[in-house]
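Reading through the structure tokens given below for one structure.
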Amino acid sequence: MMPTKHPLTFSVIAECARTKARTAILTLPHATLETPVFMPVGTKGTMKGLLPEQLEDLNCRMMLSNTYHLGTNPGPDLLDKAKGLHSFMHWRNGLLTDSGGFQMVSLLKLARITEEGVTFKSPYDDSECLLTPERSIEIQNSIGADIIMQLDDVVSSTLQDRNRVEEAMHRPVTLTIRWLDRCLKAHKKPEKQCIFPIVQGGLFSDLREECAKSLLLRDVAGYAIGGLSGGEEKADFWRMVTLSTGILPRDKPRYLMGVGVAADLVVCVALGVDMFDCVFPTRTARFGSALVDSGNLYLKHKRFAKDFSPIDPECECSTCKRHTRAFLHSVVTVEASACHLLSVHNIAYQVSFSQFFMSCWEVRFFLSLQRGSLKNNAGSSSYASITCYVVKGRH
Ligand SMILES: [Zn+2]
């Protein structure tokens with residue numbers, strides 16, 4: 002069978018000599034962008050407190066939306082009529098949707114996983130619903146994102162019960178793999194949207210390796226690494242990331258799901274990851290926290306009441322150009338506009354942080370890490386071990 006002509010190209014333009022870090026140009030139907038890339042999460046097709054054009058102004062070229070929420074409201078029929086989410090929400094850049102499965106398992110306690118799919122009780126009318134791989138892809142086809150995800154069986158990374166993980170994987174031919182094949186078969190728009198399969202396997206190296214190797218046999222344009230960053234030890238997390246990136250092919254993008262805190266971003270880029278998403282920058286903004294190199298500024302704190310400096314004097318965002326910490330102190334967690342102002346800054350910070358990698362190549366990524374010059378945020382308490390882990394090649 003002829004390989005599919007995928008609507009995605011990925012051209013590696015530089016690689017670090019000592020780590021697995023690389024930078025590349027990713028071309029999708031709605032965007033051409035540089036990787037590593039951080040994607041903010043707009044749950045229902047809109048970023049809380051931000052307009053699509055503001056995201057563009059912040060240099061954000063790719064965002065993530067949640068299939069579970071969009072599938073419920075506005076729903077696939079309306080999205081079909083609107084010719085997809087891009088035109089419905091007026092977003093002219095890259096879009097990625099998750100499969101909806103994670104939301105169900107994490108939001109809905111009563112979710113049950115069978116060979117057929119994920120069964121859950123609707124939070125809207127208590128009726129029993131079934132999300133199958135086919136239904137997930139059908140909704141994602143209606144949404145029309147550039148990159149869509151297979152339905153997978155998410156097993157918590159802190160779960161130590163090997164039987165449960167194996168059950169999720171249904172060795173030797175895993176459930177996640179069988180669901181992937183059903184997703185690929187159900188996909189109606191392969192010329193416009195790419196399905197990324199997901200490497201699962203908990204913290205068990207052999208299961209994760211088996212899963213990754215099985216994915217290689219499928220004709221896909223990129224891969225995701227899932228089921229991590231759920232509270233496991235950092236060393237276990239990094240071990241699973243580097244094991245996965247070590248198996249996945251060099252010439253295709255690798256997306257680490259649900260990871261985006263700055264220190265994690267640094268180390269996972271060094272371990273060969275190209276794409277990240279995280280709700281953290283916008284969620285933390287709602288609680289009055291601003292992201293800065295030295296950590297978070299909790300602006301509600303009284304020490305900011307008379308501080309007339311901006312959140313970050315070097316930041317180019319509109320919030321830092323126009324507003325003081327003292328003003329923000331008086332409105333955070335009280336006024337909706339404060340959430341907006343902090344979200345602007347936090348997304349600007351996150352996007353510029355991932356773009357910062359592009360400027361590191363001249364001095365080599367690992368040297369930047371070694372000198373601690375890769376922004377101070379990486380200098381949190383775990384920085385010493387990150388440097389040791391990445392630079393000394395303990396992976
Ligand atoms: Zn700012």
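Each number in the working numbering comes from the position in the sequence shown (counting from 1) with 1 added on.
A virtual CB, placed ideally from N, CA and C, is assigned to each residue, including glycine.
Span of the alpha helix (DSSP H) around residue i
i: T28; result: Element bounds for T28: not the alpha helix (DSSP H) but the beta strand (DSSP E), 23 to 29.
i: I138; result: 134 to 144
i: G247; result: 235 to 248
i: V267; result: 263 to 271
i: S319; result: 319 to 323
i: K186; result: 176 to 187
Min CB distance residue i to chain B below 8 Å
i: F121; result: In the structure shown, chain B does not exist; there is a single protein chain.
DSSP beta-bridge partners of residue i
i: I196; result: I149
i: T334; result: The partner list for T334 (beta bridge, DSSP) is empty, contrary to what the question assumes.
i: A291; result: L298
i: L34; result: L27
i: S123; result: DSSP lists no partner for S123.
i: Y256; result: A225, M276
i: C130; result: F121
i: I348; result: In DSSP, I348 forms no bridge with anything.
i: I312; result: According to DSSP, which records beta bridges pairwise, I312 is partnered with nothing at all.
i: R113; result: T120
Identity of the residue in the options nearest residue i by Cα
i: S290; options: S319, I312, M150, A112; result: I312
i: G203; options: C195, A213, D220, Q194; result: A213
i: N60; options: H70, N67, L71, T36; result: T36
i: F277; options: T285, R284, M90, V267; result: V267
i: D58; options: V345, F354, S355; result: V345
i: N67; options: S137, H91, T175; result: S137
i: M150; options: I248, A222, S295; result: A222
i: S355; options: P8, T10, E234, A25; result: A25
i: A339; options: I348, L329, N347; result: L329
i: A18; options: A271, D147, A349; result: A271
i: F309; options: F205, Q104, Y299, C321; result: C321
i: F103; options: S319, D154, L131, E234; result: D154
i: T28; options: G43, K21, H7, T20; result: H7
i: P282; options: Y224, C269, G296, R255; result: G296
i: C195; options: E233, A286, D294, D99; result: D99
i: D252; options: T5, C184, T10; result: T10
i: T286; options: F197, P75, L185, L300; result: The sequence shown places Ala at residue 286, not Thr. Of F197, P75, L185, L300, the residue nearest in Cα terms is L300.
i: E116; options: L218, I178, T73; result: I178
i: L1; options: Y69, H188, L185, E16; result: Residue 1 falls outside the range modelled here, since the chain spans only 2 to 396, and no answer is possible.
i: D126; options: Q55, T73, L86; result: T73
i: A15; options: W239, D275, N142; result: D275
i: R284; options: T44, K21, S12; result: T44
i: S143; options: H188, P77, L152, A112; result: P77
i: L342; options: A22, G101, Q55; result: Q55
i: W92; options: S353, P53, S123, K122; result: P53
i: L185; options: L208, E139, P314; result: E139
Unbroken beta strand (DSSP E) run spanning residue i, endpoints
i: T44; result: No beta strand (DSSP E) contains T44, which DSSP labels as neither H nor E.
i: R304; result: No beta strand (DSSP E) contains R304, which DSSP labels as neither H nor E.
i: F277; result: 276 to 279
i: S12; result: 10 to 16
Whole-Å CB distance - residue i paired with residue j, under 8 Å assumed
i: T175; j: S215; result: 7 Å
i: M63; j: L97; result: 7 Å
i: P134; j: G118; result: 7 Å
i: L292; j: Y350; result: 4 Å
i: G1; j: V200; result: Because the chain in this structure spans residues 2 to 396, residue 1 falls outside the shown range and cannot be described.
i: P30; j: K193; result: 6 Å
i: D220; j: P4; result: 5 Å
i: S230; j: D265; result: 7 Å
i: E90; j: L65; result: Before going on, a small fix: residue 90 reads as Met here, not Glu. Actually they are not in contact, since the Cβ atoms of M90 and L65 sit about 13 Å apart, beyond 8 Å.
i: L244; j: E211; result: Not quite, the Cβ-Cβ distance comes to about 11 Å (not below 8 Å), so this is no contact.
Can you give, in chain order, each stretch of the alpha helix (DSSP H) that sits fully within the region 194 to 230 and has at least 4 residues? 206 to 217
In the region 36 to 102, which residue ranges form an unbroken alpha helix (DSSP H) of at least 4 residues, counting only runs that do not cross its ends? Counting only runs of 4+ residues, the alpha helix (DSSP H) found wholly inside the region 36 to 102 occupies 53 to 58, 68 to 73, 77 to 82, 86 to 90, in chain order.
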